[in-house]
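Chains as they are written, first to last, in the numbering used here: chain A, 592 to 776; chain B, 48 to 321.
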Amino acid sequence: MTRTPGRGGVAPALSLVLLVAMAALALAPSMTVMVAEGSGAPPLSELPQIKVANLSFSNDNPKEGQDIVITAVLANNGTFDIANVSLTFAYGEVNITTVRNLTVPAKGNRTVEVTWKAVKFTHVMSAVPAVDGVPFAKVALTKSLTVAAKPIGNAYVVFAALVVVLLTFVAAVAAPSVWEHMRKR
Amino acid sequence: MMADIREDMAHTVLSVRYEILKHMRRTRLLIALSLAIVLPVLFYIIPRVANVSFASTADGFMSNILGFGSFLIIISAALFAGDAVSGEFESKTALLTLSTPQRRTSIFIGKYLAAMLAVFTIVTLYYLVGVFEVIGIYGVSKVPIVTMRSYLLALLYATAVLSLTYFFSSIIKGTMASTLLSFFGLIMILPIVSSLMMVAKVEPWFIVTYSAGLITNVFLQPGFGGGGGGGGGGPPDAFTSYSPQFTTGVEVMAAYAIVFFIIAIVLSVRRDAE
């Protein structure tokens with residue numbers, strides 16, 4: 592009976608390599624955390640912990656054409672600062688503006704304000720955050736806002752038009768006499 | 048010259064008084080006054096009888112009532128001015144009235160002003176009944192301020208409709224034809240032309256019946272008001288319908304009132320009584 596030399600030594604060696612690899616994988620997250628904590632970069636598991644906590648308007652019953660200040664509060668529930676945050680304000684499908692390069696402190700808030708010239712209608716106003724250009728639509732906040740139409744017209748304009756019309760009628764009565772007098776002259 | 052003008056004014060006032068007496072003798076004034084009272088009262092009685100709630104706001108209630116205001120104006124104008132000129136020539140009464148020492152212009156302007164006073168009375172009564180209903184349902188404090196604006200617009204529209212009706216009456220010989228043409232022209236033909244233009248995405252700003260939309264538009268709910276040319280209420284390009292712009296609408300109504308009045312008077316004066 593012959594014995595294959597070295598075969599009994601390969602299996603333990605492979606097992607050892609596998610064990611080391613598994614151990615390395617198991618330790619990997621904690622190592623990342625350690626690195627991340629050292630450099631300030633957030634761990635992957637904490638990235639989505641940003642949300643729009645509040646959305647408010649300077650006037651809840653605005654009129655068409657008025658400047659409305661929209662205030663959104665971004666909240667970061669994570670333990671790391673989140674940089675490169677942008678916040679997009681919109682009414683319905685129409686974007687108002689996007690505020691970029693925001694940093695939200697860990698366990699803190701960041702207030703963002705934009706000014707919008709109100710457009711008449713009942714709108715669904717929204718504030719959608721994004722980190723590194725990736726939108727977080729699930730943590731966006733929406734709020735309904737009714738913008739009243741401008742009061743239509745002015746009673747004085749109609750009154751003036753009526754006066755002009757009535758004066759024309761009076762002038763029409765006097766016109767033949769005036770015309771005759773001018774012709775005689 | 049001033050004496051002549053004063054005499055013309057006195058003659059016009061005489062014509063107005065005579066025409067008003069004529070309107071009062073006829074049943075037309077009674078019919079129009081009845082309509083001005085019955086129409087808005089129906090908006091009060093029917094919801095009560097059917098146990099249906101009224102509009103949630105006083106603005107909405109007034110807007111509902113005044114939706115028929117323009118119809119009432121057209122009916123009244125056809126009743127009082129539809130045969131004002133054509134009737135004189137058809138029944139040959141012009142041979143008598145035009146042979147008086149009075150100027151023709153003062154006679155025809157007097158007829159117009161008498162019709163205008165009658166229509167104004169009916170419009171005023173219609174609004175008064177509406178306002179009393181609002182007070183009864185919602186209270187005095189809820190009477191919409193824009194009612195006055197709507198009322199003035201209704202008076203301006205009434206002058207425009209009267210001028211157009213007077214114009215038809217001055218160019219057509221038969222009383223029936225002139226009355227029907229003005230009635231159907233304003234009730235059907237012009238609104239159909241407006242609708243067709245809107246289908247073709249052209250705003251019919253120059254059609255007077257389109258401008259009449261302002262009478263009720265001033266009551267529209269916040270956020271959905273008219274007053275914008277393309278698109279009406281709502282976000283831009285959301286709808287294909289149009290709503291009249293205020294200033295343009297007022298100008299169009301005033302232009303119709305003045306231009307058709309002058310043309311009608313000139314044509315009436317030049318018309319041969321034989």
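Built from N, CA and C at the ideal position, the CB exists for glycine as well. As the structure is a computational prediction, the values presented were derived from the model and not from experiment.
- Not a single unbroken stretch of the alpha helix (DSSP H) spanning 4 or more residues falls wholly within the segment 662–734 of chain A.
- In summary, residue 140 of chain B is exposed, with fewer than 16 beta-carbon neighbours lying within 10 Å of its beta-carbon over all protein chains present.
- In the three-state scheme derived from DSSP, where H, G and I count as helix and E and B as strand, residue 645 of chain A is classed as strand.
- Under a criterion of Cβ atoms nearer than 8 Å, the residues of chain A adjacent to residue 152 of chain B are, in order, 763, 764, 766, 767.
- For residue 89 of chain B, the uninterrupted alpha helix (DSSP H) run begins and ends at 75–96, by DSSP.
- Closer than 8 Å to the CB of residue 749 of chain A there is at least one CB belonging to chain B.
- In the structure shown, residue 63 of chain B adopts helical secondary structure according to DSSP, grouped into three states.
- Any Cβ of chain B closer than 8 Å to the Cβ of residue 725 of chain A would place that residue at the interface, and such an atom is absent.
- For the options B/76, B/289, B/258, B/231, the alpha carbon positioned closest to that of residue 170 of chain B is the one of B/76.
- Between the beta-carbon of residue 205 of chain B and that of residue 302 of chain B there is about 15 Å, and that puts the pair past the 8 Å contact cut.
- For residue 776 of chain A, there is no enclosing alpha helix (DSSP H), as DSSP marks it with neither H nor E.
- No residue range can be given for residue 138 of chain B, since it is assigned to no alpha helix (DSSP H) and is classified by DSSP as neither H nor E.
- With a threshold of 8 Å between beta carbons, residue 669 of chain A makes no contact with chain B.
- Three or more pairs of CB atoms, one per stretch, sit closer than 8 Å, so the segment 720–731 of chain A contacts the segment 669–689 of chain A.
- With a contact defined as Cβ atoms closer than 8 Å, residue 62 of chain B and residue 158 of chain B qualify at about 6 Å.
- For residue 736 of chain A, DSSP records a beta bridge to A/714.
- Within the same chain, Cβ atoms closer than 6 Å to the Cβ of residue 174 of chain B are found at 198, the five residues on either side in sequence being excluded.
- Collapsing the DSSP output to three states places residue 248 of chain B in coil.
- Residue environment for residue 209 of chain B: buried (at least 16 other C-beta atoms within 10 angstroms of its C-beta).
- Identification of chain A residues near residue 56 of chain B by a Cβ-Cβ cut-off of 9 Å yields 761, 764, 765, ordered along the chain.
- Under the Cβ distance rule, residue 51 of chain B counts among the residues neighbouring chain A, one pair being separated by less than 8 Å.
- Here residue 220 of chain B is exposed: its Cβ has fewer than 16 other Cβ atoms, across all protein chains shown, within 10 Å.
- Short of 6 Å from the beta carbon of residue 714 of chain A, and not among the five residues preceding or following it, lie these beta carbons of its own chain, in chain order: 682, 683, 736.
- Nearest to residue 712 of chain A by C-alpha distance, out of A/654, A/753, A/670, A/660, is A/654.
- Interface annotation, residue 264 of chain B: in contact with chain A, CB-CB separation under 8 Å.
- Within the segment 670–702 of chain A, the residues whose Cβ lies closer than 8 Å to any Cβ of chain B are, in chain order, 683, 685.
- Two segments are said to touch when three or more pairs of C-beta atoms, one from each, lie closer than 8 Å; by this definition the segment 148–162 of chain B does not touch the segment 237–247 of chain B.
- A Cβ-Cβ separation of about 4 Å places residue 730 of chain A in contact with residue 642 of chain A under the 8 Å criterion.
- In the three-state reduction of the DSSP assignment, residue 743 of chain A falls in the coil class, being assigned neither a helical nor a strand state.
- Put simply, the backbone Cα of residue 232 of chain B is about 38 Å away from that of residue 738 of chain A.
- Residue B/263 holds the alpha-carbon nearest to the alpha-carbon of residue 114 of chain B among B/244, B/263, B/74.
- Taken through DSSP and simplified to helix, strand or coil, residue 659 of chain A comes out as strand.
- Under DSSP, residue 654 of chain A forms a beta bridge with A/739.
- Taking residue 311 of chain B as the centre and dropping the five residues before and after it, the same chain places the C-beta of 213, 214, 217 closer than 6 Å to its C-beta, in chain order.
- Residues are counted here when their Cβ sits less than 9 Å from a Cβ of chain A; for the segment 295–310 of chain B these are 296, 297, 298, 300, 301, 304, 305, 308, 309, given in chain order.
- For residue 130 of chain B, no alpha helix (DSSP H) run applies, since DSSP gives it neither H nor E.
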